[in-house]
Amino acid sequence: MKPLHLWLALATFTVSFNTQAQHQYPNTPPEVSPMPMKPEMTEIWEPEVPVVTPAKKLGDAPSDAIVLFDGSNLDQWVSQNDPTQPAPWKIVDNDHMEVVPGSGFIQTKMKFGDCQLHLEFSAPDKVESDGQGRGNSGVFFQKRYELQILDSYNNRTYSNGQAASIYKDHAPLVNAMRGPLEWNTYDVVYTAPRFKADGRLDSPARITVFHNGVLVQNNVTINGLTLYIGLHHYPEAHGDDVITLQDHGNKTQFRNIWVRKL
């Protein structure tokens with residue numbers, strides 16, 4: 003049994019502790035906040051946002067863009083069949099390039115991951131065939147994931163294969179295609195896939211697409227490598243890679259292509 007003086011000391015400590023605890027942890031709000039918020043508490047000044055000069059004409063390249071094609075030459079492109087050789091497509095009227103059917107895909111010399119891409123395209127001047135045989139091409143991000151190019155003006159095909167689809171993956175929200183003799187624009191924000199150190203997928207690629215100013219792909223997940231047959235998947239880890247334009251046997255035309263690394 004504890005001596006009486008120990009019991010008294012313990013009781014005094016308990017009362018003192020409880021009193022301090024009540025003082026430290028009040029259960030009623032103060033009349034005035036001890037730290038009123040000030041505007042500068044939520045202001046971020048550093049780092050300063052870099053300046054980019056936008057183009058005078060909407061759709062033209064801003065000051066920090068890499069111009070991939072402006073109508074004058076194909077210096078930023080090579081043959082996909084043999085990257086040591088120049089791009090085999092032709093330039094028309096010093097304005098646009100046109101697919102030379104059977105010559106093969108072309109690809110950028112530079113490699114890209116996350117990016118913003120602007121591209122303008124037109125179906126062949128002469129309307130031929132239908133479905134997938136009409137104005138077919140495509141733009142591949144990282145050489146693997148295809149945003150479909152097709153003349154989908156009054157031309158029915160499977161929905162995840164028409165213009166502005168992520169081919170065999172996502173149909174566009176709407177069909178915003180212009181007529182065959184008019185130019186179309188794609189404005190794209192592309193987020194590359196991420197992979198773990200052991201090669202497993204960490205996060206899939208994502209893409210947002212405006213077709214002629216109309217939102218048609220709203221930050222959708224790209225489910226993997228574009229395949230004509232079979233389910234899309236990510237067979238292997240990879241880093242930045244080239245942007246590719248497809249030769250699908252049609253004289254599809256391109257102009258004003260630029261990209262910004264993000």
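Residue 3 is where the sequence shown starts when you use the working numbering, and the numbers rise one by one after that.
We put the beta carbon where it would ideally sit given N, CA and C, even for glycine.
Apply the 10 Å Cβ neighbour rule to residue i and answer buried if 16 or more other Cβ atoms are within range, or exposed otherwise.
i	result
E148	buried
Y51	Here residue 51 turns out to be Val, not Tyr, going by the sequence shown. Burial call: exposed.
D153	buried
Y155	buried
S167	buried
P36	exposed
D204	exposed
R257	buried
Q150	buried
Q219	buried
T159	buried
M179	buried
N157	buried
K111	exposed
I need the straight-line Cα distance from residue i to residue j, nearest angstrom please.
i	j	result
L229	Y169	8 angstroms
H234	R146	11 angstroms
P88	F123	21 angstroms
L79	D66	Reading off the sequence, residue 79 comes out as Trp, not Leu. Approximately 19 angstroms, taken between the alpha carbons.
N225	P31	52 angstroms
S131	R202	42 angstroms
N138	P56	32 angstroms
I245	V69	13 angstroms
L227	S81	21 angstroms
P41	P49	18 angstroms
G106	K198	34 angstroms
D259	A165	A small correction: the amino acid at residue 259 is Ile; Asp does not occupy that position in the sequence shown. So the alpha carbons of these two residues sit roughly 18 angstroms apart.
H172	A125	22 angstroms
P90	V102	7 angstroms
I231	K58	44 angstroms
With distances taken Cα to Cα, identify the nearest neighbour of residue i among the options.
i	options	result
D200	A239, Q164, R180	A239
R209	V244, I259, P195, G215	The residue you asked about is not Arg; residue 209 is Ile in the sequence shown. For I209, the nearest C-alpha among the options comes from P195.
N214	L183, I68, N177, P41	N177
V54	L70, I46, W47, A63	A63
Y188	P36, P182, V211, A207	V211
K92	I108, Y160, Y27	I108
L76	D97, K59, G61, N83	D97
D2	R136, N186, F114	There is no way to answer for residue 2, as the model of the chain reaches only from 3 to 264.
Assuming residue i and residue j form a contact by the criterion Cβ under 8 angstroms, report the distance between their Cβ atoms to the nearest whole angstrom.
i	j	result
Q255	M99	7 angstroms
V141	L121	6 angstroms
L2	L217	Look at the range of the chain in this structure, 3 to 264, and you will see that residue 2 is not part of it.
G163	Q134	6 angstroms
V190	L119	4 angstroms
D116	T193	5 angstroms
Q144	D243	4 angstroms
L183	D127	7 angstroms
Classify residue i as helix, strand or coil using the three-state DSSP reduction.
i	result
S167	coil
K253	coil
N162	helix
T110	strand
P52	coil
T223	strand
T228	coil
T246	strand
G140	strand
Q78	coil
G41	The sequence shown places Pro at residue 41, not Gly. Correct three-state label for P41: helix.
Q87	coil
Mind checking if residue i is an interface residue toward chain D, Cβ cutoff 8 angstroms exclusive?
i	result
F107	Here there is only one protein chain, and chain D is not present.
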